[in-house]
Amino acid sequence: MNIKRGHTVKILAGKDRNKTGKVLSVNAKTGRVVVEGINIVTRHERSKKAGTKGQIIQLPGPMHLAKVQLLCPHCGKPTRIGLVCKHCGKEIK
Ligand SMILES: [Zn+2]
1030 MNIKRGHTVK ILAGKDRNKT GKVLSVNAKT GRVVVEGINI VTRHERSKKA
1080 GTKGQIIQLP GPMHLAKVQL LCPHCGKPTR IGLVCKHCGK EIK
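For the sequence shown, position 20 matches number 1049 in our numbering, and the numbering has no gaps at all.
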């Protein structure tokens, strides 16, 4: 697992293709990542108490790691997941 929380990634597939966002969480078990502002899913939260309104909550949904590409935090270019960016030669942490 080379993509970590806080990395910036580019979306390669789906409705948010070509967008970039920050990784909010990585689930190594399922191979999925949650990226800020990407793959938004809407949830309707039912009201728990009588007389109060339910809420609509929008959250970024998990997506498969294969659909994102790591961007170098130094030069912003897509890079192979590795330790050193091939564009600027800087280490990716
Ligand atoms: Zn770079």
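Backbone N, C-alpha and C fix where the C-beta goes; we use that ideal spot for every residue, glycine too.
Just so we're clear, the structure is a prediction, and the values are computed from it rather than from any experiment.
Exercise for review: Report the option in Leu1053, Lys1078, Pro1107 and Leu1100 whose CA atom is closest to the CA atom of Pro1089.
Suggested key: Among Leu1053, Lys1078, Pro1107 and Leu1100, the Cα nearest to that of Pro1089 is on Leu1053.
Review point. Would you call Gly1050 buried or exposed, if buried means 16 or more other Cβ atoms sit within 10 Å of its Cβ?
Key: buried
Check your understanding: Should His1103 be listed as close to ligand 1, given that the test is whether its C-beta is under 7 Å from any heavy atom?
Key -> yes
Check your understanding: Between the Cα of Lys1096 and the Cα atoms of Ile1040, Lys1033, Arg1034 and Lys1048, which residue gives the shortest distance?
Key -> Ile1040
Check your understanding: From Ile1069 to Gln1087, what does the alpha carbon distance come to, in whole angstroms?
Key -> Ile1069 and Gln1087 have their alpha carbons spaced roughly 6 Å apart.
Review point. Which residues mark the beginning and the end of the beta strand (DSSP E) in which Ser1076 is found?
Key: That residue, Ser1076, is in no beta strand (DSSP E); it is neither H nor E in DSSP.
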